[in-house]
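One structure is given below, encoded as structure tokens.
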Amino acid sequence: MPSTPHIESHFTASASVRDVVIGMADGLTVPFALAAGITGAVLTSAQATALVVTAGLAEIAAGSIAMGLGGFLAAKTDAEHYASERQREIRETVELPAVEAEEVAKVFREYGLTEAQMTPVVEAICSDPQRWVDFMMRFELGLEPPDPRRASRSAVTIGAAYIVGGLIPLAPYMILPDVTLALRYSAVITAVALAVFGYVKGRFTGISPWKGALQTVLTGGLAASAAFALVKLIE
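Per this note's numbering, residue 974 is the first one in the sequence shown, and the count goes up by one each step.
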């Protein structure tokens, strides 16, 4: 009797999605808050729109570089941590083989295996130094081998996502001559973008898409409102 093959579909691009989320979330929120704040300060200026656009572009450039560099350093730190822990495990399997073998056995005990069941498995794992260290890294420390290209890819992804997100709230200021009207359009466009972004993020991360949309809209709205109100308060 023919059977339909069971094909499991798992999402495997979590690191890239995380980078996009980090870059896009800050890119939508920070430049919008800055533009709203500056709008409150330069409403009476003849060059109000130009001032907002200039400041916004400068912030996007600086923010994308800073965020990208942060992603690069974070990924490099993860890779260095993995390498350091692996060297430690290699050293311990040589200097303390009995202790490390017992740690392998402990992993299988937690899965309910008896001593008789786990003994041949533990012996097989410990007979191969490479496999032994790989097992300890994954099941004792919960560490996976890092992608050697992760650092550069993370920097580019976060930086690009920040730029794309930052240009969305700034676009009305680039098109409309009236800074007040531009702020209104920017608020609407950014709110829609935040809602769409939050919805999509929720779909990828497993939370309710509508909850993700509401969270991102509220975060962006609060940041922009605080910046605008602070400028007005200072004035």
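Heads up, the beta-carbon is just placed ideally off N, CA and C, and yes, glycines get one too.
It should be emphasised that the depicted structure is a prediction, and the values quoted were computed from it without experimental measurement.
Would residue i and residue j be called neighbours here (beta carbons separated by less than 7 Å)?
{"i": "residue 1123", "j": "residue 1039", "result": "no"}
{"i": "residue 1158", "j": "residue 1000", "result": "no"}
{"i": "residue 1119", "j": "residue 1055", "result": "yes"}
{"i": "residue 1186", "j": "residue 1171", "result": "yes"}
{"i": "residue 1177", "j": "residue 990", "result": "yes"}
As a quick exercise: from the options, pick the residue whose alpha carbon is nearest that of residue i.
{"i": "residue 1113", "options": "1043, 1062, 1036", "result": "1062"}
{"i": "residue 1162", "options": "1171, 1141, 1180", "result": "1141"}
{"i": "residue 1013", "options": "1002, 1025, 1004", "result": "1025"}
{"i": "residue 1059", "options": "1102, 989, 1125", "result": "1102"}
{"i": "residue 1065", "options": "1148, 1099, 1133", "result": "1099"}
{"i": "residue 1006", "options": "1143, 1182, 1175, 1174", "result": "1143"}
{"i": "residue 1153", "options": "1010, 988, 1002", "result": "1010"}
{"i": "residue 1044", "options": "1116, 1075, 1126", "result": "1126"}
{"i": "residue 1032", "options": "1137, 1097, 1149", "result": "1137"}
{"i": "residue 1149", "options": "1067, 1021, 998", "result": "1021"}
What's the gap between the Cα of residue i and the Cα of residue j?
{"i": "residue 1155", "j": "residue 1146", "result": "5 Å"}
{"i": "residue 1166", "j": "residue 1128", "result": "23 Å"}
{"i": "residue 1189", "j": "residue 1168", "result": "7 Å"}
{"i": "residue 985", "j": "residue 1180", "result": "In this predicted model, residue 985 has a pLDDT of only 44, less than 50, meaning its place in the structure is not dependable; the value taken from the coordinates is given anyway. Near 17 Å, if we compare the C-alpha coordinates of residue 1180 and residue 985."}
{"i": "residue 1151", "j": "residue 1004", "result": "18 Å"}
{"i": "residue 1086", "j": "residue 996", "result": "45 Å"}
{"i": "residue 1057", "j": "residue 994", "result": "29 Å"}
{"i": "residue 1023", "j": "residue 1034", "result": "16 Å"}
{"i": "residue 1017", "j": "residue 987", "result": "46 Å"}
{"i": "residue 1082", "j": "residue 1090", "result": "10 Å"}
{"i": "residue 1088", "j": "residue 1052", "result": "35 Å"}
{"i": "residue 1050", "j": "residue 1107", "result": "20 Å"}
{"i": "residue 1019", "j": "residue 1173", "result": "40 Å"}
{"i": "residue 1115", "j": "residue 1104", "result": "15 Å"}
{"i": "residue 1183", "j": "residue 998", "result": "16 Å"}
{"i": "residue 1084", "j": "residue 1069", "result": "24 Å"}
{"i": "residue 1067", "j": "residue 1075", "result": "14 Å"}
{"i": "residue 1192", "j": "residue 1080", "result": "42 Å"}
{"i": "residue 1164", "j": "residue 1175", "result": "16 Å"}
{"i": "residue 1198", "j": "residue 1027", "result": "21 Å"}
If residue i and residue j are in contact, beta carbons under 8 Å, what's the gap, nearest whole angstrom?
{"i": "residue 1078", "j": "residue 1095", "result": "5 Å"}
{"i": "residue 1036", "j": "residue 1139", "result": "7 Å"}
{"i": "residue 1132", "j": "residue 1041", "result": "3 Å"}
{"i": "residue 1130", "j": "residue 992", "result": "4 Å"}
{"i": "residue 1073", "j": "residue 1109", "result": "7 Å"}
Quick one: does the C-beta of residue i sit closer than 6 Å to a heavy atom of the ligand MN?
{"i": "residue 1151", "result": "Within the structure as shown, the ligand MN is missing, as the structure has no ligands at all."}
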